[in-house]
Amino acid sequence: MLKINNLHAAIEDKSILKGLNLTVNAGEVHAIMGPNGAGKSTLANIIAGKEDYEVSEGTIELNGEDISELAPEERAHNGVFLSFQYPVEIPGVSVTNFIKTAINENRKAKGLEDMPAKEMLKKIREKSELLEIDRKFLSRSLNEGFSGGEKKRNEIFQMAMLEPKLAILDETDSGLDIDALRIVANGVNKLKSKDNAVIVITHYQRLLDHIIPDFVHVLHDGKIVKTGDASLALELEAKGYDWIKKEVV
Amino acid sequence: MELKEKIISSYVAFENKVNINSAIHDIRTEALENFEKVGFPTKKLEAWKYTSLNNVLKNDFSIFLNKENAIEFADVKKYFIHDIDTYKIVFIDGKYSSFLSETTHDAIDVCLMSSALSKSKYKPVIENYFNKVAKQDNLTSLNTAFASEGAYIHIPKNVEVDKPIQVIHFTTGAEAATMTQPRNLIVVDENAHVQIIERHQSLTSNAVLSNVVTEIFSARHSTVDVYKIQNDNLNASLVDNTYIDQKSNSVVSIHTFSFGGKVTRNNLNFYQNGEHIDSILKGITILEGKQHVDHHTLVHHIEPNCESHQDYKGIFDERSTGVFNGKVIVNKEAQKTNAYQKNNNVLVSDRATINAKPQLEIFADDVKCSHGCTIGQLDDDALFYMQQRGIPKKEGKALLMFAFANTVLESVKIPEVKHRITKLIADKLNVSIGFDL
């Protein structure tokens, strides 16, 4: 599904990714872990198409097509979803209207008519129940005054509504209490299928207790330096990252 | 001949058409003398520092159109709020169109200034109210000198008008350049309620200058809501002079939606002559190209225990310019005044300009007066967030701008007007999204 080959990227002349390779197949869950400043969020933003970064080398392919020149919305139309580490507050736009607009713009890009209002409402009801979101919450301004946990739950709600092919969860576990973590993880697991893939970016093992990864990658100094199965995450939790840094050197 | 001379020398011809042996005509003549003395405003005047009419006044305006120009309803239907029943007072090139209008002379007077000025049954109202709140500055004097036609609305005591009144002035462009001087008088008696929708629309790209004066008298416990839709052609300019006299416990709201036009100047003046008055001034301005809109507001708090609420939102793209000059005067006697003023602006382009100037003159010591003015840009992070969810940049920008302006729309009481404004904003921003927030 996703094939990243020898990716080099910089922001304001500061080199962040230095030859990153990653292949994610449909039906898989990949976890990317690593110390602060390793380039985890940069990777997520570059896949989503944020313009602040300069990609100097390498390719990003989604289902065999190079997406590195596409605008962020075109990548979204192709099925890329990023759950933001810090979701942006947009005063004056309600959660419901935002997601309606997003869904209909995605449909428009595919040459489809707007989703009928009844179908939209049904879907909103189903997905908000899945994430245990109060209906009143949906009429509030997007992310405005939301707690950290509410913001993250709202991200996964949008993911559930948009049904992406490739979902990247950038530190979705930060700011969540245990109950919210369970709800969010449960939501992600329910959405998983053999046709889509998930990349979980996290510092900690605890999310991975709920969303079991097929692969765990360690990102360090702009490259993936180690790949293993779910047990690698446990090892990292116990031993920290220093041993890997030493191993690399 | 210079425009000013042309106007003054045409006064004799104008006098042939009106009753010159009347008190009204004495007012006109005095106003003409004043205009002759002060002329058109220039940037040397403090009140006109940021708005120049020079470019507009270069046109060789026709001042009186002798020809009656007819238009078909089908051609202009889109300029009406046509999905609800309304009274309509319609003018074509400054002349009343009975064909397009729908007026009444029953319990309420929704009719014409020309009738009101000439028929004896209207005389008491005219004597009490005509030109009583308008202040004779440059352009109000010019209008007063030639005041002869416009909307005349009188709502008697305790009447809640059953449907909104639309006042629409069309310009056909039959002449290369047309200047009109519409004069409106709106008298709302005690405990009465009326809603008015006002629009000036030119039907060709020929130059137009409308210099409008509207006087509104809002008696005790009355409610007046006015919606001004300014979405004219790019060669049409407008000077809207609105003067409002409010008595105790009255509520008057004026919403001004400025999307079109070449140069638009809104002089909006509230005088609070009583207690427990509420004055509401709101506006959304969205401009592009070289458009220019100047909101010049005045709220004069004369007596105690009154409120005023101002909320103006502006979005400026390309080389457009905006002005917000909001003046609040609180007299020494006007204790316990609450006066709020907000003016928030977004500059979409580096070449757009906004001149914002709040002016507070407070002589009382027990008052709450606030003013906040911001100038900002669209949030790039919010745009990326929207794009990531599949909303293209143009639509994302439009959604952000609409959300920004929406606080003003929330207080629009007629759903069809709100719906129309929403549509006009979508058209202006060139997107086809619903904004049903």
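So the sequences go chain by chain: A and B. Each step along the first sequence adds one to the number in the working numbering, with nothing skipped, and position 71 is 72. Each step along the second sequence adds one to the number in the working numbering, with nothing skipped, and position 261 is 245. Ideal Cβ placement from N, Cα and C applies to all residues, glycine included. These figures come from a predicted structure and were not determined experimentally.
Check                                                                                                                                                                                        : Outcome
In three-state terms, what does DSSP make of K107/B?                                                                                                                                         : helix
Per DSSP, what kind of secondary structure is D10/B in: helix, strand or coil?                                                                                                               : helix
Smallest Cα separation from K247/A: which of N144/A, A234/A, K227/A?                                                                                                                         : K227/A
Which residues in chain B sit within 7 angstroms of F85/A, going by Cβ to Cβ distance?                                                                                                       : Y369
Indicate the three-state DSSP secondary structure (helix, strand or coil) for G380/B in the structure shown.                                                                                 : helix
Where does H89/B land, buried or exposed, given buried means 16+ other C-beta within 10 angstroms?                                                                                           : exposed
Could you name the residues of the same chain whose beta carbon sits closer than 7 angstroms to that of F377/B, not counting the 5 residues immediately before and after it, in chain order? : As written in the sequence, residue 377/B is Lys, which differs from the Phe given in the question. Cβ neighbours of K377/B beyond the five flanking positions: L367, Q371.
Counting along the chain, where does the beta strand (DSSP E) carrying D59/B start and finish?                                                                                               : D59/B -> not in any beta strand (DSSP E); alpha helix (DSSP H) instead, spanning 57 to 60.
If the criterion is Cβ atoms closer than 8 angstroms, does the pair S102/B and E133/B meet it?                                                                                               : no
Give me, in chain order, the residues of the same chain whose beta-carbon lies closer than 8 angstroms to that of N79/A; leave out the 5 immediate sequence neighbours on both sides.        : L63, N64, E66, I68, L71, K166
Let me check you understand the geometry: is the CB of T24/A closer than 7 angstroms to at least one non-hydrogen atom of the ligand SAH?                                                    : The ligand SAH is not part of this structure, which contains no ligands at all.
Please tell me whether H276/B and T35/B are closer than 8 angstroms, where the distance is taken between their beta carbons.                                                                 : yes
Could you check whether A100/B and V143/B sit closer than 8 angstroms to each other, using their CB atoms as the reference points?                                                           : no
So what's K227/A in DSSP terms, helix, strand or just coil?                                                                                                                                  : strand
What residues match up with P165/A in a beta bridge as DSSP calls it?                                                                                                                        : Partner(s): none; P165/A has no beta bridge.
Check whether the Cβ atoms of T240/B and Q256/B sit closer than 8 angstroms, and answer yes or no.                                                                                           : no
Is it right to say G60/A is buried, meaning 16 or more other beta carbons lie within 10 angstroms of its own, or is it exposed?                                                              : Note on identity: in this sequence residue 60/A is Thr, with Gly being the wrong assignment. Classification for T60/A: exposed.
The alpha helix (DSSP H) that contains A72/A, what's its start and end?                                                                                                                      : Here A72/A belongs to no alpha helix (DSSP H), and DSSP marks it neither H nor E.
If you follow the beta strand (DSSP E) that V178/B is in, where does it begin and where does it stop?                                                                                        : 177 to 186
How big is the Cα-Cα spacing for S175/A and Q86/A?                                                                                                                                           : 8 angstroms
Could you tell me which chain B residues have their CB closer than 9 angstroms to the CB of I225/A, listed as they occur along the chain?                                                    : Residues of chain B passing the Cβ test: none, with the nearest at roughly 23 angstroms.
For the beta strand (DSSP E) containing S95/A, list its first residue and its last residue.                                                                                                  : 91 to 95
Could you check the C-alpha separation between A110/A and A77/A for me, to the nearest Å?                                                                                                    : 10 angstroms
Is DSSP giving M385/B helix, strand or coil here?                                                                                                                                            : helix
For chain A, find out if any of its Cβ atoms is closer than 8 angstroms to the Cβ of P376/B; answer yes or no.                                                                               : yes
Mind checking whether N253/B and N195/B have CB atoms under 8 angstroms apart?                                                                                                               : no
Give a yes or no on contact between the region 229 to 244 of chain A and the region 194 to 211 of chain A, applying the rule of three or more CB pairs nearer than 8 angstroms.              : yes
What are the boundary residues of the beta strand (DSSP E) that includes M163/B?                                                                                                             : 161 to 164
Please state whether the Cβ-Cβ distance between H293/B and I264/B is less than 8 angstroms.                                                                                                  : yes
What residues are listed by DSSP as bridge partners for C290/B?                                                                                                                              : DSSP output for C290/B lists no bridge partner at all.
Using a Cβ cut-off of 8 angstroms (strictly closer), state whether L169/B contacts chain A.                                                                                                  : no
Looking only at C-alpha atoms, which of I268/B, A(-3)/B, N322/B, E56/B sits nearest to G298/B?                                                                                               : I268/B
Under the rule that 16 or more other beta-carbon atoms within 10 Å means buried, what is I179/A, buried or exposed?                                                                          : exposed
Per DSSP, what kind of secondary structure is Y113/B in: helix, strand or coil?                                                                                                              : helix
Just to confirm, are R154/A and A181/A a CB contact at a threshold of 8 angstroms?                                                                                                           : yes
Since L383/B and I409/B should fall inside the 8 angstroms C-beta cutoff, what is the C-beta to C-beta distance between them, to a whole number of angstroms?                                : The Cβ separation is near 11 angstroms, so there is no contact.
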